[in-house]
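Engineer: I have a structure here, written as structure tokens, and I will follow up with some questions on it.
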Amino acid sequence: VKKALAELVAHVGGRLQGDGTLLIDSLAGLEEARAGQLSFFSNTKYRRAFDATHASAVLVGPGVHRDGVALVTVDDPLLAYARLSQLFFPKALVAHGVRKGALVDPEARVDPTAAVLAGAIVEAGALIGPRAVIHPGAYVGPHVQIGEDSVLHANATVLERCIVGARCILHAGSVVGADGFGFAFDASGPAHVKIAQAGIARLEDDVELGACACVDRATLGETVIGKGSKIDNLVQVAHNVKVGPLSILCAQTGISGSTELGAGVVLGGQVGVANHLKIGDGVRAAAQSGIAHDVEAGATVGGTLAFDVENWKRSALAVRRLPELLKEVRELKRRITVLEKEKENAP
Amino acid sequence: VKKALAELVAHVGGRLQGDGTLLIDSLAGLEEARAGQLSFFSNTKYRRAFDATHASAVLVGPGVHRDGVALVTVDDPLLAYARLSQLFFPKALVAHGVRKGALVDPEARVDPTAAVLAGAIVEAGALIGPRAVIHPGAYVGPHVQIGEDSVLHANATVLERCIVGARCILHAGSVVGADGFGFAFDASGPAHVKIAQAGIARLEDDVELGACACVDRATLGETVIGKGSKIDNLVQVAHNVKVGPLSILCAQTGISGSTELGAGVVLGGQVGVANHLKIGDGVRAAAQSGIAHDVEAGATVGGTLAFDVENWKRSALAVRRLPELLKEVRELKRRITVLEKEKENAP
Amino acid sequence: VKKALAELVAHVGGRLQGDGTLLIDSLAGLEEARAGQLSFFSNTKYRRAFDATHASAVLVGPGVHRDGVALVTVDDPLLAYARLSQLFFPKALVAHGVRKGALVDPEARVDPTAAVLAGAIVEAGALIGPRAVIHPGAYVGPHVQIGEDSVLHANATVLERCIVGARCILHAGSVVGADGFGFAFDASGPAHVKIAQAGIARLEDDVELGACACVDRATLGETVIGKGSKIDNLVQVAHNVKVGPLSILCAQTGISGSTELGAGVVLGGQVGVANHLKIGDGVRAAAQSGIAHDVEAGATVGGTLAFDVENWKRSALAVRRLPELLKEVRELKRRITVLEKEKENAP
Chain H
123 VKKALAELVA HVGGRLQGDG TLLIDSLAGL EEARAGQLSF FSNTKYRRAF
173 DATHASAVLV GPGVHRDGVA LVTVDDPLLA YARLSQLFFP KALVAHGVRK
223 GALVDPEARV DPTAAVLAGA IVEAGALIGP RAVIHPGAYV GPHVQIGEDS
273 VLHANATVLE RCIVGARCIL HAGSVVGADG FGFAFDASGP AHVKIAQAGI
323 ARLEDDVELG ACACVDRATL GETVIGKGSK IDNLVQVAHN VKVGPLSILC
373 AQTGISGSTE LGAGVVLGGQ VGVANHLKIG DGVRAAAQSG IAHDVEAGAT
423 VGGTLAFDVE NWKRSALAVR RLPELLKEVR ELKRRITVLE KEKENAP
Chain W
123 VKKALAELVA HVGGRLQGDG TLLIDSLAGL EEARAGQLSF FSNTKYRRAF
173 DATHASAVLV GPGVHRDGVA LVTVDDPLLA YARLSQLFFP KALVAHGVRK
223 GALVDPEARV DPTAAVLAGA IVEAGALIGP RAVIHPGAYV GPHVQIGEDS
273 VLHANATVLE RCIVGARCIL HAGSVVGADG FGFAFDASGP AHVKIAQAGI
323 ARLEDDVELG ACACVDRATL GETVIGKGSK IDNLVQVAHN VKVGPLSILC
373 AQTGISGSTE LGAGVVLGGQ VGVANHLKIG DGVRAAAQSG IAHDVEAGAT
423 VGGTLAFDVE NWKRSALAVR RLPELLKEVR ELKRRITVLE KEKENAP
Chain U
123 VKKALAELVA HVGGRLQGDG TLLIDSLAGL EEARAGQLSF FSNTKYRRAF
173 DATHASAVLV GPGVHRDGVA LVTVDDPLLA YARLSQLFFP KALVAHGVRK
223 GALVDPEARV DPTAAVLAGA IVEAGALIGP RAVIHPGAYV GPHVQIGEDS
273 VLHANATVLE RCIVGARCIL HAGSVVGADG FGFAFDASGP AHVKIAQAGI
323 ARLEDDVELG ACACVDRATL GETVIGKGSK IDNLVQVAHN VKVGPLSILC
373 AQTGISGSTE LGAGVVLGGQ VGVANHLKIG DGVRAAAQSG IAHDVEAGAT
423 VGGTLAFDVE NWKRSALAVR RLPELLKEVR ELKRRITVLE KEKENAP
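Okay, here's the thing in structure tokens:
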């Protein structure tokens, strides 16, 4: 489907320098783009690729210029690109209905506009909302609720009584509602006695959960992922965690039990957060941070026993000079001792 | 099901201050609890919630007092809570039998008291013990043994010949018996030549394995998880690892090949342990530790190239002062040089 | 199947000290081996086990001697062992054909020599190559290509349009082609607007992907795992990453978006690599490294903001002496101040 450039400019609310009648047939990265394609330039690291691109049009931020290509100036080229990407690559349409080979308990309720594909499993008491799609191998446990327009990809698992809001995306292999990790040690056994995990996990609307990401059910009450939060692959969210709305948890990050994250928190990859903490609104943490204490709203932290990110970077670089510093201090000590001895021996 | 408080007190072997005829209908956290519920107070961090709770009864440790609520004094409130949680939230009963839609090879043996649910797969030669439950999408490979009362949750996978003991719980998406990661480099290829992973993985009795946790099969012989050990979500246990009994591996921890962990080892989240090591009985490691050397029984370690945990904490905090220290040492050097020069010039 | 030792020696191109007519019935580790078995000795850490082994024959490197056992001298005992392991433990043969209980779309093309087992799912437009095996619960999405002799283990998932080369092994629970993690923030929502992930993921020939490992599809274009690369369990490969041929990514490592790894790169466990980086051919990184900058070909790095590995090790050990160093510097400062004061007061 070709679209006139002017139409795309209107769609993203941009300002055009170039020919609005140009036909754009698809989107591409700056390096791969050819005539007829539109690209975007939002990271100055790619200036060279921008200068050399064969795209017919490029989304750019204010004040960016280049000859020989149509420029669509917008406040945020990435956001504009996101909107166009949904236009050019719409969600695959899946015909509704319960397919042959789907295993749906007669006591489940599947909205007639929803699709349950071959090899998907829906248990008794489950509720599948309008236009939801349950892909093959996905499992919807007893009394689970799946909201409208939500998608469970292949082999995603939502366990007993858990709740998935509207427009959520659960990627392949993700698990919602496995038991939290709770035991009490009985020395007389000896044994680790299981604490029943009787709560649920609840994803609010517009949550995305990455492949093989895990959100455990609460011991009591709810583990909650707030509206519009996005969770990457292989992330661990333990029992009774509350993640506020619009937060971003990058791949392989882990949040320990009962910790609360505010709104708009952004954690890099492989971050670990200890249990029973409060992480304020808008906190950002560098990749591989280990957060062991409460963090105030708005702070950006990094490192082990994570602290201010700029201080952390300086410290992390200073560590490299530590072996040399040890030697230096030893030498200073020697020189001071010499001075002290001379003093003593002085008349 | 309401139960008299006196009955619950007897069940946990506690001492009651309050009215034993009180009826308790369920359990709840201190903050959420209402009249008719029992809660527990084991972490002093929650003293304020304890003082304000609306629970009718609270499990407390020795020497804890508060008016206006029935107190059940026990040595270990968490352990007592664990026992009561099993009373109030018993394991879901699953009707036995091989369900319609289950794919069971005619050469598998399924105990008549076991349940194999729709969409579960059991291969030839597999053995499913009494009262075991195989949930939808779970896979029991050829010649696998599943012990009595064990549960494989949805989409859990146990591969060829592996052995799962009695009363084990394998959470959704967990994988037992994938190939260990073993290759030999052939420069003449060049190629990484696969070393056949011909051994098995064995979970002893009472093991719990978290969602998307992986226990690889051995190259030769067995990878073993000892009796009563509990493994959290997204943990990696490599080929030929031996984990002793009653150990605890928190989420996203990884144990490299052939390493042996003793009994009662506790590793925090995101810990890494190098290969071919011996980690003694009762060793504890802080979250995100990197263990690169053998650790003696009873030690508690932390940090990179993990060492004594208290020293590690001091060092981790000291690192923050490193940039300042570098400046300071430069300044001392200058002052010493001044003193030395004056000395030289002195008569 | 017993084999004459002379035949095994010929198979690995070794030199025999001992009786070539000896019959070998299987392989075993040095400690477990008994008469009739062959073992290998490649890690000097196991010298004691080598000296005490009951194996009938042992693969050894040049210059290794011991009496009472047949020795097969080869350049690389591990590589020789790998070759013999494939001889003694050949891949399980799976009868070809689409089994009863397999869910294969009529518009998929399955080579007649391939096997699709009960509970496996193959969608419309998918192509399953000669001798490929799709195990139960594995999912082959629409228009996916699976190359000849490749194996998808139970509950592995390959999503729409992705490409798997020849002789690949996808272990249980692995996911190829989930959406990359890409969003643009719209403050006017506020909302994270999804960037359509319209590209694919492609595994070249001879790739192995561990249990619950994830390779995301590209935003545009391809995420690529190069020929002969091996990826361990629970590894994350983000959108648009290129991994060169013959690379090794150990368990729980994560590569962020658009980063390029060269040929023969070896990353230890739990390594994190930031986005948009170039990691040169043959780079090696210690476990738990955090790579935040481009790394030149041939370098070996370690640590946070990873740098030269030897320097890193020295620094990591020096950190332990940091609390003591802080005290020491304070003391030196005091002593210098004393000297300075004396100077001032001097006549």
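Protein chains in written order, with our numbering: chain H, 123 to 469; chain W, 123 to 469; chain U, 123 to 469.
Note that beta-carbon positions come from the ideal geometry of N, C-alpha and C, so glycine has one too.
1) Closer than 7 Å to a non-hydrogen atom of the ligand PLP - does that hold for the CB of H/L274?
2) Any beta-carbon of chain W closer than 8 Å to the one on U/G402?
3) Should H/G350 go down as buried or exposed, given a rule of 16 or more other Cβ atoms within 10 Å for buried?
4) By the DSSP assignment, the alpha helix (DSSP H) with H/F210 in it spans what residues?
5) By the three-class DSSP mapping on this structure, what secondary structure does H/V286 have?
6) Which chain U residues are close to H/R205, counting only those with a beta carbon under 9 Å from its beta carbon?
7) Put H/E154 into one of helix, strand or coil per three-state DSSP.
8) Starting from U/H133, trace the alpha helix (DSSP H) in both directions and tell me its first and last residue.
9) Kindly indicate which three-state DSSP category W/R137 falls into: helix, strand or coil?
10) So is W/R442 in contact with chain U if we call contact Cβ pairs under 8 Å?
11) Could you check whether the Cβ of H/N433 sits closer than 8 Å to any Cβ belonging to chain W?
12) Just list the beta strand (DSSP E) runs in the stretch 367-434 of chain H, keeping only unbroken ones of 3 residues or longer that don't cross its boundaries, in chain order.
13) In the DSSP assignment, find the unbroken beta strand (DSSP E) run with W/E344 in it and report its ends.
14) Are the beta-carbon atoms of U/T341 and U/G299 separated by less than 8 Å?
15) Going by DSSP in three states, H/I458 sits in which element: helix, strand or coil?
16) If I'm right that W/A192 touches W/L152 with Cβ under 8 Å, what's the distance once you round it to whole angstroms?
17) Taking Cβ-Cβ distances below 8 Å as the criterion, which residues of the stretch 363-377 of chain U are in contact with chain H?
18) Hey, W/V266 and W/C284 are a contact pair by Cβ (cut 8 Å); roughly how many whole angstroms apart?
19) For a test of the three-state rule: what should DSSP assign to H/S296, helix, strand or coil?
20) Near W/V329, what residues of its chain come up, given a Cβ to Cβ distance below 6 Å and the 5 sequence neighbours on each side ignored?
21) Could you check the C-alpha separation between H/A214 and W/N362 for me, to the nearest Å?
22) Can you give me the Cβ contacts of H/D416 inside the same chain, cut-off strictly under 6 Å, excluding the 5 residues immediately before and after it?
23) Out of U/G379, U/R170, U/A408, U/G140, state which residue places its alpha-carbon closest to the alpha-carbon of U/V387.
24) Which residues in chain U have a C-beta closer than 8 Å to the C-beta of H/I458? List them in chain order.
25) I need the DSSP call for H/K465, collapsed to helix, strand or coil.
26) Quick check: the Cα distance between U/G391 and U/I377, rounded to an integer number of angstroms?
27) Judging by CA-CA distance, which residue of U/R456, U/T426, U/E382 is the nearest neighbour of U/V405?
28) First and last residue of the beta strand (DSSP E) that includes H/D301?
29) Going by the DSSP bridge assignment, what does W/G219 pair with across the sheet?
30) Name, please, each residue of chain H whose Cβ falls closer than 7 Å to the Cβ of U/Q358.
31) Nearest to H/P258 by CA position, among U/G251, U/Q358, U/Q208, U/D227, is which residue?
32) What does the Cβ neighbour count give for W/E245, buried or exposed, with the cut at 16 atoms within 10 Å?
33) If you draw a straight line from the alpha carbon of U/G263 to that of W/V297, how long is it in whole angstroms?
34) Under 7 Å Cβ-Cβ, which residues of chain H neighbour U/R221?
35) Who does U/Q267 pair with in a DSSP beta bridge?
36) Please determine, among U/T235, U/V395, U/A385, the residue with the shortest C-alpha to C-alpha distance to U/A360.
Structural biologist: According to the structure shown:
1) You won't find the ligand PLP in this model; it holds no ligand whatsoever.
2) no
3) buried
4) 199-210
5) strand
6) A306, D308, V315
7) coil
8) 127-134
9) strand
10) no
11) yes
12) 422-424
13) 344-347
14) no
15) helix
16) Incorrect: roughly 14 Å between the Cβ atoms, too far for contact.
17) Q374, G376
18) 5 Å
19) coil
20) C290, I347, S351
21) 44 Å
22) L399, K400
23) U/A408
24) L454, R457, I458, L461
25) helix
26) 12 Å
27) U/E382
28) No beta strand (DSSP E) contains H/D301, which DSSP labels as neither H nor E.
29) W/A237
30) N355, L356, A373, Q374
31) U/D227
32) buried
33) 22 Å
34) Within chain H, no residue comes near U/R221; the closest Cβ sits about 14 Å away, beyond 7 Å.
35) U/L249, U/I285
36) U/V395
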